[in-house]
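Residue numbers (the working numbering): 853 to 1333. We treat Cβ as the ideally placed atom computed from N, Cα and C, and that holds for glycine.
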Ligand code: HEM
């Protein structure tokens, strides 16, 4: 939970920010806002909460206390599947259910948006900030490196990174804090595979440090005063951006000298396509945020659930040991090996259902748009929360039970109900990358170590908004061989 001093600081900060934006708010909330023709219908039921602060502090507090799901569920019970609230200074329509997810992922009247803190730290020209042809063009540059064919080529590199990480951070130790360890691993994999930043590069170490700080503030209150979390994270972002800009200069020089090819890494590819430096920096920053904490959370919570569910663990262990038996000790995993990891991926999907790394995503209405009998005015934010369908007992019976068998036949899942990677044209293009990374990491962990929660570590977690386990999920480990 937030302490009282930061809470007051945050409240003051919000007050200052919103006073500045009052004219905008007045326009958004006034009855004449948006296209007048569609104004015969009512706006969604609910409330905008406290003057000025809206619901922002309340939701952030619930996220920290890991009660945000109940918080949102209470609103859905009180107001139904479409309701209004106020978040991050904007009127927001909160939508619940598979049909709402479909609407949010596919409606041309909605565009992606990020919380203001995220935009100021990561950038305003990321792939999520552009639309139409521009979005397709920037996304294609990323997909070139993230599509299945490209990821298949990186299995051996990921295998080497995982082995190196476990040798350096797990071998010879009695305990490990899993989340920090997996953050380091996923950062290193991303830096090597996507950005071509070698293991000994200073900039890789520098970026890793800055990003650990930066991601803590992406949903903070965006006021740059010395005592705020946002200000500390913004400073980390500035240092990170300078480091990325230096890499861009170095890559441009190499490209001009003919010492590199656009196929080498995403950054060089974007340069070769003529993307402006500012846009490249924003997109590199975005990819770094999008790619590493999410997958680190998936691997961490998968280990947590395997510890608590012995049947699922036994199946995963058997599957991984069978694969290991067919390989030499130093032989890297292949794509064919990953295709045999059916139980492991089902357990990972069940983990994504129970603890989705992305709690919620935002869209913005480009025009007045109708949904569920209400009008969502132009300029409003539109929000969905993954847990609203992931934890709906009508869709996933007994939702608190960890049961990977739910994913035995992914094609049988109700459409738009399992949405850890979003959906539609904005669906996460990194899903294959994170799948391969997760399977490789779990293979080596499961076949090399036994683990259990350390004394005093209860496996609980909070959200920032990424899920973060208490004590980083401290486990006692012992080597198997
Ligand atoms: C378990 C891991 C991951 C999860 C749960 C996840 C989840 C998501 C979600 C929910 C979205 C937003 C979808 C929407 O707004 O509808 C997204 C977007 C995105 N993700 Fe991921 N992600 C993961 C890993 C990755 C990785 C590894 C990468 C890159 C290497 C990546 C790159 C992106 C990009 C570029 C977008 C923006 C797509 C667009 O706007 O067109 N993600 N991700």
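Would you say the segment 1215 to 1235 touches the segment 1282 to 1295, given that touching needs at least three Cβ pairs under 8 Å?
no
Regarding residue 1056 and the ligand HEM, is the C-beta to nearest heavy atom distance less than 6 Å?
no
Under 8 Å, with one C-beta from each stretch per pair, do the segment 1263 to 1279 and the segment 1196 to 1212 reach the 3-pair mark?
yes
Is residue 950 near the ligand MN, going by C-beta to nearest heavy atom under 6 Å?
Although the ligand MN was asked about, the structure shown includes only the ligand HEM as ligands.
From this set, 1106, 1012, 1066 and 1303, which residue's C-alpha is nearest residue 1044's C-alpha?
1012
Compute the Euclidean distance between the alpha carbons of residue 1262 and residue 1320, then round it to the nearest angstrom.
27 Å
Tell me the start and end of each unbroken alpha helix (DSSP H) in the segment 917 to 998 that is at least 4 residues and wholly inside, in chain order.
920 to 931, 950 to 958, 968 to 974 and 984 to 998
Between which two residues does the alpha helix (DSSP H) carrying residue 1219 extend?
From DSSP, residue 1219 is part of no alpha helix (DSSP H); its letter is neither H nor E.
Could you tell me which residues DSSP pairs with residue 1319 in its beta bridges?
1315
Hey, would you say the C-beta of residue 1051 is under 6 Å away from at least one heavy atom of the ligand HEM?
no
Could you tell me whether the segment 1088 to 1100 touches the segment 1133 to 1148, using the rule of 3 or more Cβ pairs below 8 Å?
yes
Given this structure, state the Cα-to-Cα distance separating residue 1056 from residue 1067, to the nearest angstrom.
16 Å
Buried versus exposed, by CB contacts within 10 Å (16 or more), residue 1000:
exposed
Among residues of its own chain, excluding the 5 on either side of residue 927, which ones have a beta-carbon nearer than 8 Å to its beta-carbon?
898, 935, 937 and 946
Measure from the alpha carbon of residue 1304 to the alpha carbon of each residue in 1332, 990 and 1327, then state which is nearest.
1327
Is residue 1318 near the ligand HEM, judged by its Cβ being under 6 Å from some heavy atom?
no
Pair every Cβ in the segment 1112 to 1124 with every Cβ in the segment 1180 to 1198, then say whether three or more of these pairs are closer than 8 Å.
no
Going along the chain, which residues of its own chain have a beta-carbon closer than 7 Å to the beta-carbon of residue 972, five neighbours each way excluded?
1074 and 1086
Leaving out five residues on either side along the sequence, give the residues of the same chain with a beta carbon under 6 Å from the beta carbon of residue 923.
914
Which runs of the beta strand (DSSP E), 3 residues or longer, sit entirely within the segment 1214 to 1291?
1221 to 1223, 1226 to 1228 and 1233 to 1237
Flag residue 1010 as yes when its Cβ comes closer than 6 Å to any non-hydrogen atom of the ligand HEM, and as no otherwise.
no
Look up residue 1028 in the DSSP assignment and say whether it is helix, strand or coil.
strand
Buried or exposed (CB count within 10 angstroms, at least 16 for buried), residue 1240
buried
Contact test: residue 1235 Cβ vs the ligand HEM heavy atom, cutoff 6 Å:
no
Is residue 1330 helix, strand or coil when you go by DSSP?
strand
Of the choices 1042, 1161 and 1324, whose alpha-carbon is the least far from that of residue 1257?
1161
Got a sec, what are the start and stop residues for the alpha helix (DSSP H) residue 1063 sits in?
1054 to 1066
Neighbour-count burial assignment, residue 1174, 16 or more Cβ in a 10 Å radius
exposed
Hey, would you say the C-beta of residue 1198 is under 6 Å away from at least one heavy atom of the ligand HEM?
no
Go ahead and pull the three-state DSSP assignment for residue 1092.
helix
How do the segment 1140 to 1160 and the segment 1022 to 1042 stand: do at least 3 beta-carbon pairs fall below 8 Å, yes or no?
yes
Enumerate in chain order the residues of its own chain whose CB-to-CB distance from residue 1189 is below 6 Å, with the five nearest sequence positions on each side excluded.
1175
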